[in-house]
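Residue numbers (my numbering): 80 to 194.
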Amino acid sequence: MPRRREVPKREILPDPKHHSEILAKFINVLMISGKKSTAEKIIYGALTTIEDRVKRSKKNEANDDGEASGSSSASMSPVLAYFQQALDNVRPTVEVRSRRVGGATYQVPVEVRLE
Numbered sequence: 080m081p082r083r084r085e086v087p088k089r090e091i092l093p094d095p096k097h098h099s100e101i102l103a104k105f106i107n108v109l110m111i112s113g114k115k116s117t118a119e120k121i122i123y124g125a126l127t128t129i130e131d132r133v134k135r136s137k138k139n140e141a142n143d144d145g146e147a148s149g150s151s152s153a154s155m156s157p158v159l160a161y162f163q164q165a166l167d168n169v170r171p172t173v174e175v176r177s178r179r180v181g182g183a184t185y186q187v188p189v190e191v192r193l194e
C-alpha cells in the first residue's frame, strides 16, 4: 500500500485540427525536445499528402465510371481511417514472455491484447 496518494491519469486532449486522441498521442510521441509545432507540421503535412492522393484516386475512379465526384464534406474521415490502418499494421501481434519450467527459462510467445 503506497504512502502517497495515487496520481490521477492525465486527460488526453484531442488534436485541434482533426479532433482525434490517437493522432494527438502520435504527435506527442513524435515530438523531440518539446518541439510540438514541428511534430504537428510533419504529421499534418503527411495527412494532407494522403488526403490529396485519396481525392485524386477517387476523382480518377469517378472519371472512369462516368459519375460525378463525391462531396468533399467527409474528406477528413478517410485520412484518419488510413492513419488508423497504418497504426494497426505496425502494431505487434505477438510478444514473448519468460516462463520458468524446471530449471530452465523459456521464451513463450503470447498474443498482445488490443487496448
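Backbone N, C-alpha and C define an ideal beta-carbon position, used for all residues, glycine too.
Given a threshold of 16 other Cβ atoms within 10 Å of its Cβ, counted over all protein chains shown, does ILE122 qualify as buried or as exposed?
-> By the 10 Å Cβ count, ILE122 comes out buried.
Between ASN168 and GLU190, what straight-line distance do the alpha-carbon atoms span, to the nearest angstrom?
-> 15 angstroms
Selected residue, minimal CA-CA separation from PRO188, among VAL108, ASP144 and PRO171 | PRO171
Is the CB-CB distance between GLU85 and ILE91 below 7 angstroms?
-> No; because the gap between Cβ atoms is not below 7 angstroms, this pair is not in contact.
For the 8 angstroms Cβ check, are there 3 or more pairs between the region 103-110 and the region 118-134?
-> yes
In angstroms with no decimal places, state the Cα-to-Cα distance between ILE129 and ARG82.
-> 50 angstroms
Who are the near neighbours of VAL173 in its chain, counting only those whose CB is closer than 8 angstroms to its CB and skipping five residues on each side?
-> Once the five neighbours on either side are set aside, the close Cβ partners of VAL173 are PRO188, VAL189, GLU190 and VAL191.
Determine the direct distance from the alpha carbon of ASP144 to that of LEU126, and round the result to whole angstroms.
-> 27 angstroms
Going by DSSP, what residues sit across from PRO81 in a beta bridge?
-> According to DSSP, PRO81 bridges with nothing at all.
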